[in-house]
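*Asks:* Going by my numbering, the letters in the sequence shown line up with residues 1167 to 1612, in that order. Every residue, glycine too, gets a C-beta built ideally from N, C-alpha and C. Computed from a predicted model, the values in this text were never measured in an experiment. Handing you a structure now.
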Amino acid sequence: MTLAIENVSLTNQNHSDLLEKIKQKTAHIGIIGMGYVGLPNMVSKARQGYTVTGFDIDQQKVDNVNKAHSYIEDVATDDLFELVLKHKKISATTNFEQLDRMDVIMICVPTPIDRHKQPILSYIKDATREIVHHAKTPALIILESTTYPGTTEDIIVTEFEKNNYQIGRDFFVAYSPERIDPSNQLFNVDNTQRVVGGHTPECTVLAAEFINQYAHTVSSTRTAEMSKVFENTFRYVNIALSNELAKICEKSGIDVWEVLEASKTKPFGFMPFYPSTGVGGHCIPVDPHYLNWFGKKFDHTSKLIDAATDINDSMLDYTLTKISQILNEQKKALYNSRIAIVGAAYKKNIGDVRESPIFKVYRSLRAFGAAVDVYDPYVDHFISNGERIEVSDVKYEALADCDMTLILTDHDRVEYPSVLKYSPCVFDTKNACKHLNTSDVSYHKL
């Protein structure tokens, strides 16, 4: 923790009482939003000894938690059983009136963008109104959702002050962006360093004590918010660079994947990013637009973010063109062809389809008259233009009846030797078959 405790007034009794509850693990924790961020946080805090209540408007999620059934890969059902049914440390509800029993409230709600790439902050606003209306004083409020710099002040602090509460005395407000990487086996919610910025020094101390021993404190909520959008913008623009590299390599007859494998042997000054049909997930495709939107408030447009967006968005057309070219080489047309897509999730070894390329790829292939089968061991369906598209585990022998197998996600549970064995043609956008013999099949890479 980088903030000196001596900088904080010790005469604030509310602060002292709440700090003691946090240290003694007697604080009751409320978490609004039980998705890919909220549920792992619930389990983490319950393991630490806190009593945790999850709040969500989705009755199915609430019922699943109360029955100790996990719907997220990073949370084991066995862990929920221990914490929900055996030790009674976790419960869930749709009744936001129960916020009046919470000492610490974490906001872990979605922050998507609209079709104009403008921030949608309605979930944060709704959560804030529920807290102001129901929460007791004193309480610590921590926003974890990714957003533009100034959101914590503009929405949460302003709403409390409108209701005549003083931040730093009645309520304590901080921003600490989530750093959850689904399916990451090395870093998780318990061992990943977190950034914490409070509205006042008192707020920062409470939030840093609560988050974990890895907390890195900064001077303000705005600084913490900026750090989050920058982290994912960094990834976004570097993915765009790799996508650009893929196009150049194809034109010059160079294997882009071999180039990346060679470059990442450098032990300093280089970090590998990989080309992709689309940038998926709940953060990377969204956060850069929060930063760009924020910059425009100060008459600054990020040319780099705009260029990266153009490049990343172009990869759908690039992929479709490659599909058509590959089929043409076999004297087949995209119209009336049958395409098997392997992988609907946005990344390997999870079932999350948020912002996955599957949506645009599926719609585009169907629009061109292709029949499309979708396989994924982690996903059972997705919604395309209001239609429920069923997804099953890979039926390898059925691949023989398809004109092409398109690998969109490189799940470890997929048997790629079988994909190569049965498929007459494979278009591998993830280099999933890099260690396999592909000489017996029409094999192509992004």
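From Thr1366, Lys1462, Trp1459, pick the residue whose C-alpha is nearest to that of Asn1178; which is it?
*Replies:* Within the sequence shown, numbered from 1, the residue matching residue 1178 stands at position 12. Asn1178 has its Cα closest to that of Thr1366, out of Thr1366, Lys1462, Trp1459.
*Asks:* Buried or exposed for Lys1611, please, with buried defined as at least 16 other CB atoms from any protein chain shown within 10 angstroms of its CB.
*Replies:* In the sequence shown, the residue the question calls residue 1611 occupies position 445. With 16 or more Cβ atoms within 10 Å of its Cβ, Lys1611 is classed as buried.
*Asks:* Between Arg1388 and Tyr1341, what straight-line distance do the alpha-carbon atoms span, to the nearest angstrom?
*Replies:* The sequence position of residue 1388 within the sequence shown is 222, counting from 1. The sequence position of residue 1341 within the sequence shown is 175, counting from 1. So the two alpha carbons sit approximately 8 angstroms from each other.
*Asks:* Could you please give me the residues that DSSP links to Ala1537 through a beta bridge?
*Replies:* Here residue 1537 refers to the residue found at position 371 when the sequence shown is read from its first residue. In the DSSP output, where bridge partners are listed per residue, Ala1537 has Arg1504.
*Asks:* Can you tell me the Cα-Cα spacing of His1282 and Ile1507, whole angstroms?
*Replies:* Residue numbering aside, residue 1282 sits at position 116 when the sequence shown is read from its first letter. Residue numbering aside, residue 1507 sits at position 341 when the sequence shown is read from its first letter. As the crow flies, the alpha-carbon of His1282 is around 29 angstroms from that of Ile1507.
*Asks:* Between the C-alpha atoms of Glu1234 and Leu1184, what's the straight-line distance to the nearest angstrom?
*Replies:* Locating residue 1234 in the sequence shown gives position 68, where the first residue counts as 1. Locating residue 1184 in the sequence shown gives position 18, where the first residue counts as 1. Sequence check: residue 1234 is Ala here, not Glu. Looking at the two C-alpha atoms, the distance is approximately 30 angstroms.
*Asks:* Under 8 angstroms Cβ to Cβ from Asn1404, same chain only, skipping five residues before and after it: list those, please.
*Replies:* As a working note, residue 1404 is residue 238 in the sequence shown. Closer than 8 angstroms at the Cβ level, and outside the excluded window around Asn1404, lie Met1437, Phe1439.
*Asks:* Excluding the 5 residues flanking Ile1346 on each side, which residues of the same chain have their C-beta closer than 7 angstroms to its C-beta?
*Replies:* Along the sequence shown, read from residue 1 onward, the residue named residue 1346 stands at position 180. Counting only Cβ-Cβ distances below 7 angstroms, and skipping sequence neighbours, we find Tyr1202, Val1203, Pro1206, Val1355.
*Asks:* Classify His1235 as helix, strand or coil using the three-state DSSP reduction.
*Replies:* Locating residue 1235 in the sequence shown gives position 69, where the first residue counts as 1. Three-state result, His1235: coil.
*Asks:* Please classify Leu1246: does DSSP put it in a helix, a strand, or coil?
*Replies:* Mapped onto the sequence shown, residue 1246 falls at position 80. If DSSP states are grouped into helix, strand and coil, Leu1246 belongs with the helices.
*Asks:* What does the alpha-carbon distance come out to for the pair Leu1531 and Arg1504?
*Replies:* Within the sequence shown, residue 1531 is the residue found at index 365, counting from 1. Within the sequence shown, residue 1504 is the residue found at index 338, counting from 1. Answer to the nearest angstrom: the Cα atoms are 10 angstroms apart.
*Asks:* Tell me the rounded alpha-carbon separation between Ala1373 and Gly1220.
*Replies:* Here residue 1373 refers to the residue found at position 207 of the sequence shown. Here residue 1220 refers to the residue found at position 54 of the sequence shown. Whole-angstrom Cα-Cα distance: 19 angstroms.
*Asks:* Looking at the structure shown, is His1194 part of a helix, part of a strand, or coil, going by DSSP?
*Replies:* Here residue 1194 refers to the residue found at position 28 when the sequence shown is read from its first residue. DSSP, reduced to helix, strand and coil, places His1194 within a strand of the structure shown.
*Asks:* Verify whether the separation of the beta carbon atoms of Ser1311 and Ile1286 is less than 8 angstroms.
*Replies:* Walking along the sequence shown from the start, residue 1311 turns up at place 145. Walking along the sequence shown from the start, residue 1286 turns up at place 120. Contact: no.
*Asks:* Measuring only the C-alpha atoms, how far is Ala1412 from Asp1476?
*Replies:* The sequence position of residue 1412 within the sequence shown is 246, counting from 1. The sequence position of residue 1476 within the sequence shown is 310, counting from 1. About 15 angstroms.
*Asks:* Would DSSP call Pro1590 helix, strand or coil?
*Replies:* Your numbering for residue 1590 matches position 424 in the sequence shown. Coil, per DSSP.
*Asks:* How far does the beta strand (DSSP E) with Ser1257 in it extend, from its first residue to its last?
*Replies:* Taking the sequence shown and counting its residues from 1, one reaches residue 1257 at position 91. First-last of the beta strand (DSSP E) with Ser1257: 1256-1259.
*Asks:* Please state whether the Cβ-Cβ distance between Gly1444 and Lys1513 is less than 8 angstroms.
*Replies:* Taking the sequence shown and counting its residues from 1, the one referred to as residue 1444 is at position 278. Taking the sequence shown and counting its residues from 1, the one referred to as residue 1513 is at position 347. No, these two residues do not count as a Cβ contact at 8 angstroms.
*Asks:* Could you check how far apart the C-beta atoms of Leu1602 and Leu1586 are, in whole angstroms? I think they sit under 8 angstroms.
*Replies:* Taking the sequence shown and counting its residues from 1, one reaches residue 1602 at position 436. Taking the sequence shown and counting its residues from 1, one reaches residue 1586 at position 420. Between Leu1586 and Leu1602 the Cβ distance is about 6 angstroms, and since that is below 8 angstroms, they are a contact.
*Asks:* Using the Cα positions of Thr1168 and Asp1569, report the straight-line distance between them to the nearest angstrom.
*Replies:* Here the question's residue 1168 lines up with position 2 in the sequence shown. Here the question's residue 1569 lines up with position 403 in the sequence shown. With a pLDDT of 46 at Thr1168, under the threshold of 50, the modelled position of that residue is not reliable, and the figure given next carries that caveat. Their Cα atoms are separated by approximately 59 angstroms.
*Asks:* How many Å lie between His1181 and Leu1470 at the Cα?
*Replies:* Here the question's residue 1181 lines up with position 15 in the sequence shown. Here the question's residue 1470 lines up with position 304 in the sequence shown. If you take the alpha carbons of His1181 and Leu1470, they lie about 43 angstroms apart.
*Asks:* Between Val1545 and Ala1511, how many whole angstroms is the CB-CB distance? I'm expecting something under 8 angstroms.
*Replies:* For the purposes of this step, residue 1545 is taken as the residue at position 379 of the sequence shown. For the purposes of this step, residue 1511 is taken as the residue at position 345 of the sequence shown. The Cβ separation is near 6 angstroms, so the contact holds.
*Asks:* I need the straight-line Cα distance from Ala1606 to Phe1464, nearest angstrom please.
*Replies:* The count along the sequence shown starts at 1 and reaches residue 1606 at position 440. The count along the sequence shown starts at 1 and reaches residue 1464 at position 298. Looking at the sequence itself, residue 1606 is Asp, so the reference to Ala does not match. If I take the Cα positions, the gap works out to 57 angstroms.
*Asks:* Val1218 by DSSP, collapsed to three states: which one?
*Replies:* Sequence index remark: in the sequence shown, residue 1218 carries index 52 (1-based). Of the three classes helix, strand and coil, the one that applies to Val1218 here is strand, per DSSP.
*Asks:* How big is the Cα-Cα spacing for Thr1313 and Glu1553?
*Replies:* In the sequence shown, the residue the question calls residue 1313 occupies position 147. In the sequence shown, the residue the question calls residue 1553 occupies position 387. Their backbone Cα atoms lie some 31 angstroms apart in a straight line.
*Asks:* Would you mind stating whether Tyr1528 and Ile1555 have Cβ atoms separated by less than 8 angstroms?
*Replies:* Taking the first residue of the sequence shown as 1, we reach residue 1528 at position 362. Taking the first residue of the sequence shown as 1, we reach residue 1555 at position 389. Cβ atoms of Tyr1528 and Ile1555: closer than 8 angstroms.
*Asks:* Any idea what DSSP makes of Glu1410, helix, strand or coil?
*Replies:* On the sequence shown, position 244 is the one that residue 1410 refers to. Note: Glu1410 maps to helix in three-state DSSP.
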